[in-house]
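Each remark here refers to the structure printed beneath this line.
Chains as they are written, first to last, in the working numbering: chain A, 3 to 524; chain R, 3 to 524.
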């Protein structure tokens with residue numbers, strides 16, 4: 003004890019503040035998960051006439067979520083905590099420090115958004131998605147354009163409000179891929195592009211390219227439903243903590259720490275539509291189910307970014323689902339599920355038939371190689387929209403021109419072109435580049451897994467997916483979002499993020515299948 | 003203009019207050035409908051592991067709904083409005099007066115409930131329902147008893163808090179059947195009981211009773227799904243504003259003015275399980291779809307009571323669905339839907355096979371005649387529970403003893419006895435008597451319809467349900483809850499509420515089918 007006139011006070015105990023801040027974040031997540039459920043229900047269950055009222059419901063809950071996320075008491079707590087941590091001060095763990103930094107960063111972003119804007123965006127997104135469903139069905143660009151114009155305007159307003167220091171497009175991108183900047187993404191895409199273009203050119207010049215005729219078999223919907231559910235279960239998706247339903251566009255939505263919902267769509271003459279839809283969404287679902295349930299709503303228990311999320315879906319969809327070992331395991335099961343189909347095919351033939359490459363109009367049906375060109379197109383167009391370099395009215399022509407330039411074909415209708423994706427209609431701008439970032443991360447992770455698990459092919463060929471899933475759980479899922487995606491991927495794989503592994507992975511699989519070698523001509 | 007020193011002020015214009023009060027009620031309904039959707043999803047979609055978190059979600063939204071329903075600004079507005087209307091004062095329409103009276107009555111009830119109690123009840127109901135699902139499956143009374151004991155305690159606390167002037171059971175009953183008092187209900191039941199007991203005795207003495215063997219036919223689930231959906235659609239249920247799903251216990255839930263959701267359950271060896279489930283729930287759904295969508299959340303656009311709601315479901319289930327004209331229309335369609343079943347049956351035989359009467363353990367499978375005895379049993383037991391005359395621990399024995407006395411058989415397991423109904427597990431105490439009130443109202447309405455629409459039988463036999471639905475829409479649905487159920491039924495039918503029509507309806511249909519005449523022996 004000091005008897006000085008000006009005693010140095012011991013710092014106040016902020017542990018109750020930390021507990022209260024964490025509890026607040028988790029209570030907010032309860033409401034946010036209700037909003038997520040409203041969205042899931044809208045896409046899967048809502049009767050046709052229910053749309054307008056659903057918009058009111060979402061807007062009401064979104065506004066409550068926004069209030070919770072901008073609660074001044076929470077801001078004060080977090081600011082006190084951040085001050086007590088400055089420069090490494092205080093007896094705080096790394097996790098506690100990262101938690102406070104991330105919660106406070108999120109809160110400041112939200113605080114800069116006026117509640118009016120939040121509610122308008124929520125409403126415009128619902129309106130936009132509903133208009134999009136009809137517009138795509140009837141290839142009616144004119145019916146959709148005003149909704150998109152309004153959304154672009156609102157998203158630009160959001161970007162400027164929430165991150166005044168950033169380029170508006172970067173502000174939106176940062177919401178999906180924390181720390182990513184469009185100049186870096188653009189540079190990465192520029193390094194990736196020539197190798198992909200070279201591979202595409204080489205594949206198109208192949209004299210004996212793979213063909214997917216043997217996949218075009220009649221597969222009854224009910225048998226497909228049982229089969230893809232079995233596959234999802236075998237790779238590790240836990241149906242006591244999740245579901246699988248149908249929707250216009252496949253997605254994965256989380257309505258609680260033990261409530262992860264996948265959707266897919268069905269084509270009775272082409273099994274890969276549902277199967278790869280489910281492998282992809284189950285990849286997302288495995289990530290969600292691998293997050294720490296007790297930390298639901300806290301950075302420790304949340305996904306790192308959309309890019310990292312996409313790395314998980316792509317890893318299961320492409321790097322597992324299109325591999326030979328997978329079909330060594332899966333084909334006998336498919337033959338049992340669909341006795342009238344696939345009876346004469348070998349695993350090698352089926353797997354090779356999944357490596358068809360060629361220009362196609364629809365992104366979600368594109369092959370692994372051209373997929374990234376679809377993304378680069380959208381990335382450039384949406385940047386131009388947000389920057390004001392491109393008017394919404396000019397978007398269809400800009401889309402078709404660029405498409406023709408990249409792919410050598412021109413969409414015949416808006417539904418096959420600019421109207422094909424749900425994203426923009428739901429206000430998801432700055433989201434597309436995360437798909438290719440996900441491809442980049444997934445290839446880099448798979449390269450690391452193959453080093454760490456030399457028996458991986460044997461495991462997969464015998465339906466043992468647990469070792470792979472365990473690796474992902476430990477290195478990726480259990481990490482939450484305490485790190486930005488770049489450092490997270492670097493830690494998980496032991497190497498800085500690079501497009502190299504994706505390039506190698508694509509050439510190593512698609513080159514030999516097309517008889518064109520495993521690397522671009524020198 | 004007066005120049006007096008004390009000018010008589012003209013009354014303030016309260017029209018903006020009225021508009022604000024109505025808007026507030028409709029905004030509150032948006033949140034309440036989200037709570038309803040959470041409940042629907044829990045019963046139909048929620049993965050097994052999602053239960054605990056769903057309880058958190060429901061509790062959070064219920065607490066927000068409660069805050070909105072007890073908003074002091076709304077209370078002040080409504081009290082100003084009520085004062086301006088006192089004794090017929092002011093330039094207000096009847097609808098405006100009734101709206102203010104009802105909104106204020108609801109608000110005062112809610113205001114007397116502490117938020118803590120509201121949240122505890124919401125949570126205990128979710129816990130209770132989840133425990134009940136397991137308990138019923140395993141006939142495990144002990145696992146469920148503590149949940150029920152807690153619920154009874156909380157409901158008693160609720161009753162005393164919200165209506166201190168009423169007997170606690172009447173306070174709960176009033177929530178479901180506004181204005182009803184258990185002494186009146188008890189007297190009505192006492193008048194009804196002897197005629198039912200006499201009919202049951204007469205039917206059991208029949209030498210040639212109807213048999214339902216011909217209904218026990220294999221009917222594949224997928225064909226049933228198509229069939230019952232078609233029936234619901236034909237009687238007028240609008241699937242662009244609703245859905246049909248499966249659940250443990252059939253129900254009808256409204257998640258918005260254009261979003262009414264029915265459920266049923268399926269038995270592949272007994273079509274009536276799903277068919278009457280759907281006719282019943284679609285009866286509720288037709289009522290919900292007949293309410294004024296623009297007045298969703300206002301007394302003008304809300305159902306009058308559970309009894310009136312039940313009158314609609316029973317009317318379609320029993321008075322339409324078990325009638326000969328209905329089967330003249332429906333049987334050819336059933337033959338087409340299920341080619342392997344019903345091929346030799348006549349409409350008369352099928353309809354008569356639906357008039358089997360006899361003691362049975364399960365309420366939801368009971369015939370129309372004994373059904374009311376099931377209700378009287380529950381009414382007496384739940385009154386005793388709330389009054390404290392019966393302990394939860396003694397409930398199974400009390401149930402079984404009373405059951406044996408009324409029906410002459412004793413349940414073998416708790417699942418066949420005290421655990422069979424979902425209601426108490428979800429805090430629905432005071433709810434059961436509304437089923438028999440619904441039967442009473444439905445018979446009285448059908449008697450009035452038959453007078454007003456002499457061609458009704460012909461309409462039904464040719465699948466024309468619109469005239470009947472139109473009568474119900476005008477006289478009942480479009481009335482909302484501006485009147486208490488008694489006056490509403492009296493207005494709709496031109497006669498005071500009486501058990502007479504139900505008694506006559508049962509004797510007129512079941513008596514001849516059993517060859518025992520159409521009235522009790524003198």
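Glycine is no exception: its CB is placed at the ideal position from the N, C-alpha and C atoms.
Under 7 Å from the C-beta of residue i: neighbouring residues of chain A
i, result
"residue 63 of chain R", "36"
"residue 50 of chain R", "242"
"residue 47 of chain R", "245"
"residue 176 of chain R", "Correct list: empty, because the minimum Cβ distance to chain A is about 29 Å."
Test: residue i CB closer than 9 Å to a CB of chain A
i, result
"residue 253 of chain R", "no"
"residue 468 of chain R", "no"
"residue 229 of chain R", "no"
"residue 125 of chain R", "no"
"residue 43 of chain R", "yes"
Beta carbon proximity, residue i to chain R, threshold 9 Å
i, result
"residue 264 of chain A", "no"
"residue 243 of chain A", "yes"
"residue 309 of chain A", "no"
"residue 5 of chain A", "The predicted model places residue 5 of chain A with a pLDDT of 47, which falls under 50 and marks its position as unreliable, so this point remains unresolved."
"residue 66 of chain A", "yes"
"residue 29 of chain A", "yes"
"residue 39 of chain A", "yes"
Span of the beta strand (DSSP E), counted from its first residue to its last, around residue i
i, result
"residue 502 of chain A", "Run containing residue 502 of chain A: none in the beta strand (DSSP E); it sits in the alpha helix (DSSP H), 502 to 516."
"residue 245 of chain A", "244 to 248"
"residue 194 of chain R", "That residue, residue 194 of chain R, is in no beta strand (DSSP E); its alpha helix (DSSP H) goes 184 to 206."
Extent of the continuous alpha helix (DSSP H) to which residue i belongs
i, result
"residue 477 of chain A", "468 to 477"
"residue 444 of chain R", "435 to 454"
"residue 2 of chain R", "This structure leaves residue 2 of chain R out entirely; chain R is present only between 3 and 524."
"residue 459 of chain A", "458 to 463"
"residue 95 of chain A", "No alpha helix (DSSP H) contains residue 95 of chain A, which DSSP labels as neither H nor E."
"residue 218 of chain R", "Careful: residue 218 of chain R lies outside any alpha helix (DSSP H) and carries neither H nor E."
"residue 60 of chain A", "53 to 71"
Among the options, the one whose alpha carbon lies nearest that of residue i
i, options, result
"residue 218 of chain A", "A:201, A:184, A:270", "A:270"
"residue 355 of chain R", "R:298, R:274, R:303, R:377", "R:274"
"residue 122 of chain A", "A:146, A:58, A:91", "A:58"
"residue 140 of chain R", "R:337, R:365, R:417, R:116", "R:417"
"residue 159 of chain A", "A:129, A:117, A:265, A:191", "A:117"
"residue 364 of chain R", "R:329, R:326, R:411", "R:411"
"residue 385 of chain R", "R:243, R:304, R:161", "R:161"
"residue 144 of chain A", "A:397, A:204, A:238, A:362", "A:397"
"residue 406 of chain A", "A:49, A:394, A:419", "A:419"
"residue 250 of chain R", "R:357, R:335, R:135", "R:135"
"residue 424 of chain R", "R:311, R:372, R:393, R:137", "R:137"
"residue 128 of chain R", "R:23, R:62, R:188", "R:62"
"residue 248 of chain A", "A:74, A:44, A:205, A:94", "A:44"
"residue 276 of chain A", "A:221, A:22, A:464, A:149", "A:221"
Neighbouring residues, chain R, relative to residue i (Cβ below 7 Å)
i, result
"residue 58 of chain A", "32"
"residue 288 of chain A", "Residues of chain R passing the Cβ test: none, with the nearest at roughly 15 Å."
Partners in chain R for residue i, counting only beta-carbon separations shorter than 9 Å
i, result
"residue 55 of chain A", "32, 35, 257, 258, 259, 260, 261, 295, 298"
Where residue i meets chain A, residues with beta-carbon distance less than 8 Å
i, result
"residue 232 of chain R", "Within chain A, no residue comes near residue 232 of chain R; the closest Cβ sits about 17 Å away, beyond 8 Å."
Cross-chain neighbours of residue i in chain A, by beta carbon under 9 Å
i, result
"residue 471 of chain R", "Near residue 471 of chain R there are no residues of chain A at all, since even the closest Cβ is about 18 Å away, more than 9 Å."
Task: Complete alpha helix (DSSP H) runs within the segment 285 to 322 of chain A (minimum length 4 residues, chain order) - done: Segments of the alpha helix (DSSP H) lying fully in the segment 285 to 322 of chain A: 308 to 316.
Task: Contiguous beta strand (DSSP E) assignments of at least 3 residues, all confined to the segment 226 to 275 of chain R - done: Secondary structure in the segment 226 to 275 of chain R: the beta strand (DSSP E) runs of 3 residues or longer, each lying completely within the stretch, are 244 to 248, 254 to 256, 262 to 266 in chain order.
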